[in-house]
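Trainee: Here it is: the structure, laid out below.
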Amino acid sequence: MTKTQRPIFLVDDDPDDRMIFKLIFNDYQIKRELIEMADGIELMEYLDTCYRDQIPALIFLDRHMPKMDGMQVLQLLKANFVYRHIPVVIFSNSRLSSDKSEAYKLGANFFITKPPNITDLRKVIEDLLKIYMIL
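Taking the working numbering, the leading residue of the sequence shown gets 14, the next gets one more, and so forth.
This is the structure:
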């Protein structure tokens with residue numbers, strides 16, 4: 014995998030959300046690997062053992078997860094010299110402004126409330142992939 018083809022990570026404890034995201038992602042026929050993880054510990058363990066060209070181009074991170082929630086993961090990522098440059102999009106069911114404020118304070122690039130339907134989710138994912146020049 015070359016540097017321009019670094020993977021995209023999806024970290025979410027909900028297998029249904031991951032499946033829907035993956036289906037939408039695959040519809041765009043993106044030539045990058047989508048690596049799915051169920052929690053923040055799994056992400057941090059992967060990053061601690063991966064090669065530089067396996068560091069993700071973008072991380073979609075769920076806000077609320079067991080073991081280590083998205084905010085804890087975000088804080089660890091942004092405190093680490095090697096990982097702090099990785100764009101992180103927080104996806105959450107939360108509509109609390111305090112969650113959004115905390116995410117931005119910790120260094121999130123975007124805080125997105127999970128849309129209520131697949132059509133809206135598709136549009137959000139498409140827009141984010143365009144922003145990061147992945148589409």
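Quick reminder that beta carbons are idealized off the backbone N, C-alpha and C, glycines included.
Since this is a predicted model, take the numbers as computed values, not measurements.
Compute the beta-carbon to beta-carbon distance between Pro69 and Pro20, rounded to the nearest angstrom, for a pair I have assumed lies under 8 Å.
Mentor: The pair is a contact, with the Cβ atoms about 5 Å apart (cut-off 8 Å).
Trainee: Secondary structure at Phe34, three-state DSSP: helix, strand or coil?
Mentor: Phe34 falls in the helix class under three-state DSSP.
Trainee: Which residue spans inside the region 74-127 form an unbroken alpha helix (DSSP H) run of at least 4?
Mentor: With a minimum length of 4 residues, the continuous alpha helix (DSSP H) runs that stay inside the region 74-127 are 83-92, 110-119.
Trainee: Please say whether Ile103 and Pro121 have beta carbons closer to each other than 7 Å?
Mentor: In the sequence as presented, Pro is not what sits at residue 121; that position holds Ala. It is a contact, given that the beta carbons lie within the stated cut-off.
Trainee: Would you check if there are 3 or more beta carbon pairs closer than 8 Å linking the region 48-59 to the region 135-142?
Mentor: The region 48-59, when compared against the region 135-142, does not touch it at the 8 Å Cβ threshold.
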